[in-house]
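Residue numbers for the sequence shown follow our numbering, so the first one is 94 and each next one is one higher. Where a beta carbon is used, it is the ideal one built from N, C-alpha and C, also for glycine. None of the values given here were measured: they were computed from a predicted structure. Input: a single structure, listed below in structure tokens.
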Amino acid sequence: MNSGSELPAGLKVKHAAGILIFTRSAPKQFLLMRHTDRWDLPKGHRDGDETDAETALRETEEETGLAATSIQLDPNFHFQLVYPVKYKRDGKPVEKRVTYFIGEVNEAFTPELTEHEGFQWFDWAPPHKIQSQTIDPLLSAVAEHLGKRQA
Numbered sequence: 094m095n096s097g098s099e100l101p102a103g104l105k106v107k108h109a110a111g112i113l114i115f116t117r118s119a120p121k122q123f124l125l126m127r128h129t130d131r132w133d134l135p136k137g138h139r140d141g142d143e144t145d146a147e148t149a150l151r152e153t154e155e156e157t158g159l160a161a162t163s164i165q166l167d168p169n170f171h172f173q174l175v176y177p178v179k180y181k182r183d184g185k186p187v188e189k190r191v192t193y194f195i196g197e198v199n200e201a202f203t204p205e206l207t208e209h210e211g212f213q214w215f216d217w218a219p220p221h222k223i224q225s226q227t228i229d230p231l232l233s234a235v236a237e238h239l240g241k242r243q244a
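Structure representation (structure tokens):
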């Protein structure tokens with residue numbers, strides 16, 4: 094999932110970014126947002142000349158109501174997933190490149206749901222088995238990063 098080598102050549106590329114939000118307080122927890130049929134993170138497409146970090150912070154604020162200034166990004170972590178998607182509008186496949194960051198907040202909060210049906214704070218206890226194509230690879234990379242940071 095980290096490389097586009099298995100994707101067909103010539104696909105239009107869509108860039109997106111999101112944040113895996115953790116609490117600083119014990120027990121360490123992370124936030125996932127619920128769509129009808131799957132879990133997801135706050136994320137969205139890049140606008141104009143935004144950086145990935147700016148996109149991730151803006152989208153997280155839009156989708157959770159949490160002020161971007163309340164989120165402390167880990168400057169030493171970013172993770173990119175690349176995969177094909179078909180949008181319902183035109184049905185044409187595109188290559189989606191999503192860059193994820195780790196963000197910390199002081200404590201768990203109740204998101205203002207604007208694009209999701211629900212949310213859940215999960216205890217951080219890797220390995221996690223939530224969604225094999227997108228979330229699990231990210232959580233594995235985060236576990237490795239956090240393990241190095243604590244060593």
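Task: Close-in-space but distant-in-sequence residues of the same chain around E210 (CB under 7 Å, 5 per side omitted) - done: Taking the sequence shown and counting its residues from 1, one reaches residue 210 at position 117. Cβ neighbours of E210 within its own chain (closer than 7 Å, five residues either side excluded): R127, H128, T129.
Task: I114 - partner residues in DSSP beta bridges - done: Within the sequence shown, numbered from 1, the residue matching residue 114 stands at position 21. According to DSSP, which records beta bridges pairwise, I114 is partnered with G196.
Task: R127 - containing alpha helix (DSSP H), residue span - done: Position 34 of the sequence shown, counted from the start, is the residue given in the question as residue 127. That residue, R127, is in no alpha helix (DSSP H); its beta strand (DSSP E) goes 122-127.
Task: Residue span of the alpha helix (DSSP H) that contains L159, given as start and end - done: As a first step, residue 159 must be located in the sequence shown, where it is residue number 66. Per DSSP, L159 belongs to no alpha helix (DSSP H) and is neither H nor E.
TODO: State yes or no: is the C-beta of P186 within less than 8 Å of the C-beta of V175?
DONE: Indexing the sequence shown from 1 puts residue 186 at position 93. Indexing the sequence shown from 1 puts residue 175 at position 82. Contact flag unset, no.
Task: Straight-line gap, A161 to F115 (C-alpha atoms, nearest Å) - done: Indexing the sequence shown from 1 puts residue 161 at position 68. Indexing the sequence shown from 1 puts residue 115 at position 22. Cα to Cα, A161 sits roughly 14 Å from F115.
- [ ] Flag this pair as yes or no: are the beta carbons of A110 and R139 separated by less than 8 Å?
- [x] Position 17 of the sequence shown, counted from the first residue, corresponds to residue 110. Position 46 of the sequence shown, counted from the first residue, corresponds to residue 139. Cβ atoms of A110 and R139: closer than 8 Å.
Open item on the list: Taking the beta carbon of D145 as the centre, do at least 16 other beta carbons fall within 10 Å, making it buried, or is it exposed?
Closed with: Numbered from 1 along the sequence shown, position 52 holds the residue referred to as residue 145. Buried, since its Cβ has 16 or more Cβ neighbours within 10 Å.
TODO: Taking W217 as part of the beta strand (DSSP E), name the residues at either end of that continuous run.
DONE: Taking the first residue of the sequence shown as 1, we reach residue 217 at position 124. No beta strand (DSSP E) holds W217; DSSP gives it neither H nor E.
TODO: Can you tell me which of the three DSSP states H238 falls into?
DONE: Within the sequence shown, the letter at position 145 stands for residue 238. Residue state, collapsed to three classes: helix.
Task: Cutoff 7 Å; reference Q165; Cβ partners in own chain excluding five residues on either side - done: What you label residue 165 is simply residue 72 of the sequence shown in a count that begins at 1. The answer, listed in chain order, is G196, E197.
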